Amino acid sequence: MVTWNLGTVETPGSAPYQAVAAVLGRIDADVVAIQEVASAPAARNLQTLTQQLGYPYVEIAPGGPFGALRNALLSDFPITRSTLWTAALLSGDAKANDLTRFLPEIRVDVTGQGHLLGLVSAHLKSGTDNLDEFRRAAESFRMNQIAAEAVREGMPLIMMGDLNADRGDAPLTPTWFTSVPGALPAGMVLGAVLQV
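Quick note, our numbering runs 91 ahead of the 1-based positions in the sequence shown.
What follows is the structure in structure tokens.
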């Protein structure tokens, strides 16, 4: 398993594209989680890359509600199910729109005999101000909901990605959010369970 925030996927044949192809080819992972597929053209470039590398199965999320960045999953294993997790789907609140980027999940058959494994590619909100930290906390809560669903189903699950956190980061201030620390972006609606 490999996870990599690429920044984007450049044009096939370009030096950055060839460098990514060389690294992923050398690693030869069974599953690759990709973050920051920056646009629809970059998604097409990623499709070309998956074919070049021999990945028969690929899931690329559409651009997120708050930007064009996409998450993706490449797999050697057959994908038996794919879910594009949104805040509305996770919360059961049709108005919820609090994920910066959609969270794609695939279920793969790792043995060819129905032994399934769930995999998620995540890319949490970047930035260091309190609103960024609040949004990351909300997105982490949504990831926990995906994990809880996998536990209910008895499904092993691996979550990979760019959490935009570092073990050297100082503790959050405040430690607990009791209110939204600033104005949410236009169109962002916290699901009912996230109301503070």
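Built from N, CA and C at the ideal position, the CB exists for glycine as well. None of the values given here were measured: they were computed from a predicted structure.
Reference residue i, options the options, closest by Cα
| i | options | result |
| --- | --- | --- |
| residue 272 | 169, 223 and 164 | 223 |
| residue 246 | 260, 151, 206 and 281 | 206 |
| residue 174 | 168, 153, 157 and 160 | 153 |
| residue 257 | 218, 112, 201 and 181 | 218 |
| residue 195 | 203, 202, 201 and 160 | 160 |
| residue 107 | 93, 94 and 137 | 137 |
| residue 203 | 169, 98, 242 and 145 | 169 |
| residue 119 | 276, 93 and 180 | 93 |
| residue 193 | 145, 109 and 176 | 176 |
CA-to-CA distance, residue j to residue i, given in whole angstroms
| i | j | result |
| --- | --- | --- |
| residue 115 | residue 220 | 34 Å |
| residue 123 | residue 211 | 10 Å |
| residue 268 | residue 250 | 25 Å |
| residue 129 | residue 101 | 10 Å |
| residue 143 | residue 197 | 21 Å |
| residue 151 | residue 131 | 10 Å |
| residue 248 | residue 103 | 32 Å |
| residue 237 | residue 282 | 15 Å |
| residue 171 | residue 264 | 42 Å |
| residue 134 | residue 147 | 16 Å |
| residue 111 | residue 234 | 27 Å |
| residue 98 | residue 139 | 17 Å |
Beta-carbon contacts of residue i that lie in its chain and below 6 Å, excluding the five residues immediately before and after
| i | result |
| --- | --- |
| residue 76 | As shown, the chain starts at 92 and ends at 287. That puts residue 76 outside it, with no answer to give. |
| residue 126 | 96, 162, 214, 252 and 253 |
| residue 121 | 167 |
Spatial neighbours of residue i in its chain, beta-carbon cut-off 7 Å, leaving aside the 5 residues before and after
| i | result |
| --- | --- |
| residue 280 | 186, 187, 188 and 189 |
| residue 240 | none |
| residue 284 | 182 |
| residue 145 | none |
Cross-strand partners of residue i (DSSP beta bridge)
| i | result |
| --- | --- |
| residue 33 | Limits of the chain in this structure are 92 at one end and 287 at the other, which puts residue 33 out of reach. |
| residue 165 | 123 and 149 |
| residue 253 | 214 |
Residue i at chain C interface by Cβ criterion, 8 Å
| i | result |
| --- | --- |
| residue 105 | Annotation note: the requested chain C is absent from the structure, which comprises a single protein chain. |
Own chain partners of residue i with C-beta closer than 8 Å, once the 5 adjacent residues on each side are dropped
| i | result |
| --- | --- |
| residue 216 | 191, 223, 226, 227, 230 and 255 |
| residue 278 | 156, 157 and 188 |
Buried or exposed by the 16-neighbour rule on C-beta atoms within 10 Å, applied to residue i
| i | result |
| --- | --- |
| residue 274 | exposed |
| residue 183 | exposed |
| residue 209 | buried |
| residue 266 | exposed |
| residue 178 | buried |
| residue 242 | exposed |
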